[in-house]
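All residue numbers for the sequence shown refer to our numbering, where the first residue is 368 and numbers rise by one.
Ideal Cβ placement from N, Cα and C applies to all residues, glycine included.
Remember, it's a predicted structure, so these values are computed and weren't measured experimentally.
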Amino acid sequence: MAFELPKLPYAFNALEPYIDAGTMEVHHGKHHAGYTNNLNGAIQGSSLEAMPIEAILKDVSKLSPAVRNNGGGFYNHNLFWTVMAPNAGGEPQGEVGKLINKSFGSFSEFKEKFSTAAASRFGSGWAWLVVNDGKLVVGSTPNQDNPLMDISELKGSPILALDVWEHAYYLKYQNRRPEYIGNFFNVINWAQVEKNLNSALG
Ligand code: MN
């Protein structure tokens, strides 16, 4: 059973004006589709075909670079699309709001920490909010690595992800990554992040 490119849960233009339709169309239809196809190619005929993606990533140090890069790309974008939504953003309520205050002091301190992690990741990569041992942690990973991978310095269950590859913002923002990061906060789907938190806490 091959991995499948998930449908976007909204239209390409749904996140306008913060993320433009042209970027979304290429990002989902070309980049994410490419990672998905290449992952399937890399695991074809192996026992990995029967495993959930999370289990593959957990022991990725033993696997090929193709599985690491494309498996990460597949998982990371699956999460990324769902943690954004139209008419979203603002400050989180519920458990995630409480845990952010407890872990970082305030929402604005969290926002600053997450934005710095995203802006300071050199080259391509991702910024993350993860749950580790019941606590929230912010960090970043290079390329298509993620905090589920055994090779990752940042560890935990991802509940929020931001793609800072140039392909995620260059059409609209060119070199202005900080502006893209600032606008990401207008589309964060905190209701989904809350669900991710509850799953991570079990
Ligand atoms: Mn991407």
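Where does residue i land, buried or exposed, given buried means 16+ other C-beta within 10 angstroms?
i	result
HIS394	buried
GLY506	buried
ALA369	exposed
PRO570	Past the edges of the chain, shown from 368 to 569, lies residue 570, and the structure says nothing about it.
ARG435	buried
ARG543	exposed
GLY318	Only positions 368 to 569 of the chain appear in the structure, and residue 318 is not among them; the question remains open.
GLY492	buried
Determine which residues share a DSSP beta bridge with residue i and list them.
i	result
MET451	ILE555
Please report how far the alpha carbon of residue i lies from the alpha carbon of residue j, in whole angstroms.
i	j	result
ILE548	VAL450	14 angstroms
LYS562	LEU568	10 angstroms
PHE477	PHE552	12 angstroms
ALA535	ILE386	9 angstroms
LEU503	GLU520	15 angstroms
ASN556	GLY456	6 angstroms
PRO438	SER413	Before going on, a small fix: residue 438 reads as Gly here, not Pro. Their backbone Cα atoms lie some 14 angstroms apart in a straight line.
GLY440	GLY501	26 angstroms
LEU446	ILE467	19 angstroms
PRO545	TYR537	12 angstroms
GLU383	ASN443	21 angstroms
(request) Entirely within the stretch 464 to 548 and at least 4 residues each: give me those alpha helix (DSSP H) ranges in chain order. (result) Unbroken alpha helix (DSSP H) runs of no fewer than 4 residues, entirely contained in the stretch 464 to 548, are found at 474 to 487, 537 to 540, following chain order.
(request) Using the beta-carbon of each residue, find all residues closer than 6 angstroms to any heavy atom of the ligand MN and list them in chain order. (result) Those residues that bring their Cβ nearer than 6 angstroms to a heavy atom of the ligand MN are HIS394, HIS398, HIS444, ASP530, TRP532, HIS534, ALA535.
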